[in-house]
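Comments concern the structure below.
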Amino acid sequence: MADGSEVALRDLAEYLADDMAACNRAIVERMDSPVALIPQLAAHLVAAGGKRLRPLLTLASARLCGYKSDATHQRHVALAACVEFIHTATLLHDDVVDESTLRRGLASANAIFGNKASVLVGDFLFARSFQLMTDDGSLKVMNILSSASATIAEGEVLQMSTQNDLSTNVEKYLEVIHGKTAALFAAACRVGAVVADQPLKAEEALDSYGTNLGMAFQLVDDALDYAADQATLGKTIGDDFREGKITLPVLTAYAAGNEEDRAFWRRVIEESEQKPGDLEHAFDLIARTNAIGVTLDYATRYATAASEALDIFPPSRLKQLLQDTASYTVSRLR
């Protein structure tokens with residue numbers, strides 16, 4: 001049975017079906033290349049599916065702001081494809097850095113094609129995204145999306161520097177997830193207001209919606225690594241644990257644990273000394289300290305802030321769908 005977040009995203013995708021179909025066509029067209037390996041790897045990514053949440057947010061934001069399109073005016077579609085290329089490029093690079101073997105329940109691109117191909121095709125997709133930005137012709141759009149791209153890279157580097165470090169505080173962790181996830185959500189939404197030629201107030205409201213939605217989304221994703229099964233999550237359970245990633249569930253369990261518990265976390269996270277049964281013990285400690293509940297509380301606050309950011313817009317079906325998407329993001333953890 002689909003959870004609330006899946007239903008909300010499905011409803012949003014159905015509402016924007018024509019725009020999303022045009023976006024998917026643009027993605028496939030721009031992934032083409034005479035270099036055979038590029039469309040082969042791209043086809044693997046397309047087959048893997050995914051929610052296409054970020055381009056959906058661009059399309060939804062533009063429509064919420066009253067953007068009118070016709071056969072020759074499809075800026076929102078091209079920029080939605082651009083957003084997806086930025087996201088996909090970062091995923092390709094992340095999977096190489098993290099040595100991941102699964103992505104959305106299927107073998108990751110690097111597992112099939114190798115690390116070199118994944119990095120280089122990721123570079124190709126970044127280049128394509130910048131072609132789409134220049135085709136759009138707006139310096140404001142380019143500034144928003146290029147700044148987000150730089151922030152994503154900073155977030156990933158910051159995450160790498162906090163890896164295996166249990167002295168990381170919650171504020172630094174939140175800074176990491178803002179960089180690696182929320183910044184692109186924010187940019188995806190903000191450019192929708194720009195193409196619709198809306199005032200700064202609308203831009204800022206959609207930026208706030210995207211930022212808070214992205215924060216909630218990543219918090220839930222990090223919690224799911226300690227609360228979901230592999231079939232549900234679409235990636236190998238315990239990846240964050242094995243990689244020594246510092247996430248809110250781990251920080252919470254470490255802070256709330258006794259000295260024996262903290263010694264365990266130091267061994268498995270800081271010293272990367274992991275033995276059979278350690279992941280199961282980590283699950284037990286996460287459960288005992290209510291670390292998932294704490295993470296859910298954070299995510300719920302961000303989701304509420306996202307929904308409230310849209311208060312400046314008049315009531316509409318699309319506004320409700322976006323607010324539902326925010327509300328139901330946390331339902332993946334319930």
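Numbering (full-length UniProt numbering), first residue to last: 1 to 334. Positions of the beta carbon are idealized from the N, C-alpha and C atoms, including for glycine.
- The beta carbons of residue 238 and residue 222 sit about 12 Å from each other, so the pair does not count as a contact at 8 Å.
- Judged by their CB atoms, residue 142 and residue 182 are not nearer to each other than the 8 Å cut-off.
- For residue 44, no pairing in a beta bridge is given by DSSP.
- The stretch 198-281 is shown to contain whole alpha helix (DSSP H) runs of 4 or more residues at 200-224, 230-233, 239-243, 248-256 and 259-265, in chain order.
- The C-beta separation of residue 180 from residue 156 comes to about 5 Å, placing the pair in contact by the 8 Å criterion.
- In the three-state reduction of the DSSP assignment, residue 324 falls in the helix class.
- Around the beta carbon of residue 240, a 10 Å sphere encloses 16 or more other beta carbons of the protein chains shown; the residue is thus reported as buried.
- Nearest to residue 310 by alpha-carbon distance, out of 300, 323 and 301, is 323.
- Per DSSP, the unbroken alpha helix (DSSP H) holding residue 194 starts and ends at 183-195.
- Distance from the CA of residue 28 to the CA of residue 41, rounded to the nearest whole angstrom, comes to 12 Å.
- Cβ atoms of residue 75 and residue 19 stay farther apart than 8 Å, at about 11 Å.
- About 5 Å separates the Cβ atoms of residue 87 and residue 54, confirming a contact at the 8 Å cut-off.
- Taking a contact to require three or more Cβ pairs closer than 8 Å, the stretch 186-199 and the stretch 247-258 do not qualify as touching.
- Take residue 146, set aside five residues on each side of it, and no residue of its chain has a beta-carbon closer than 6 Å to its own.
- Taking a cut-off of 8 Å on C-beta distances, the stretch 152-167 does not touch the stretch 113-124, as fewer than three cross pairs fall below it.
- As computed with DSSP, residue 73 is found in a beta bridge with 70.
- Closest by C-alpha distance to residue 319, out of 198, 23 and 65, is 65.
- In the three-state DSSP reduction, residue 131 falls in the helix class (H, G or I).
- Closest in C-alpha terms to residue 269, from the list 260, 91 and 246, comes 246.
- By the 16-neighbour rule on beta-carbons within 10 angstroms, residue 212 is buried.
- Note on residue 94: 16 or more other CB atoms within 10 angstroms of its CB, so buried under the neighbour-count rule.
- Per the C-alpha coordinates, the member of 60, 89 and 114 positioned closest to residue 77 is 60.
- Taking C-beta separations shorter than 6 Å and ignoring five residues to either side along the sequence, the partners of residue 227 in its chain run 292, following chain order.
- Contact between residue 194 and residue 138 holds, since their C-beta atoms are separated by about 7 Å, short of 8 Å.
- If you draw a straight line from the Cα of residue 284 to the Cα of residue 35, it comes to about 49 Å.
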